[in-house]
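Okay, so here's the structure we're looking at.
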Amino acid sequence: MGATKADLFTRQQNEIAAMAKALAHPARIAILQYLVKKNACVCGDLVEELGLAQATTSQHLKELKIAGIIQGSIEGASVCYCINPKVWKQYKELFSAFFKDVDLQQSCC
């Protein structure tokens with residue numbers, strides 16, 4: 001979808017789509033799960049944990065950071081990453097509202 005078509009949709013629809021795009025790779029999901037599990041800033045463990053090349057891991061971290069769901073701080077020669085709690089809460093609220101309870105038993109499809 002081109003940028004010129006985004007105005008056809010609501011702000012919330014565009015936000016959910018952008019969030020879904022940021023999460024749309026299993027490596028990014030693995031990174032987030034690891035950061036949540038550690039509940040602390042993680043510096044060098046991610047490459048070893050994921051089993052991906054440093055450059056690949058860095059690219060996924062960059063995408064998550066651009067989306068705002070993680071934040072990084074420089075500690076010495078390395079960057080340490082953790083979950084951004086404000087954005088995490090925003091993701092949770094938007095996806096919870098999107099996946100609201102639906103009585104699928106009443107579906108006629």
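Taken in order, the sequence shown gives residues 1 to 109; the numbers are from full-length UniProt numbering.
Glycine included, C-beta positions come from ideal geometry on N, C-alpha and C.
If you're wondering where the values come from, they're calculated on a predicted model, not measured in any experiment.
Indicate whether at least one CB of chain B lies closer than 8 Å to the CB of residue i.
i	result
C82	Looking for chain B here will not work: only one protein chain is present.
Secondary structure at residue i, three-state DSSP: helix, strand or coil?
i	result
I29	helix
I16	helix
S107	coil
V47	helix
K100	coil
Between residue i and the ligand ATP, is the CB less than 7 Å from at least one heavy atom?
i	result
I69	No copy of the ligand ATP appears in this structure; indeed no ligand is present at all.
Tell me whether residue i is buried or exposed, calling it buried when 16 or more other Cβ atoms sit within 10 Å of its Cβ.
i	result
R11	exposed
L64	buried
I66	exposed
Does the distance from the C-beta atom of residue i to that of residue j stay below 8 Å?
i	j	result
F98	I29	no
A27	L52	yes
C41	S78	no
Q105	N84	no
Y81	L61	yes
G68	V87	yes
Could you tell me which residues DSSP puts in a beta bridge with residue i?
i	result
Q71	C82
V87	Note: V87 sits in no beta bridge, so no partner.
V42	Y81
Tell me which same chain residues have a C-beta within less than 7 Å of the C-beta of residue i, skipping the five on either side of it?
i	result
V102	none
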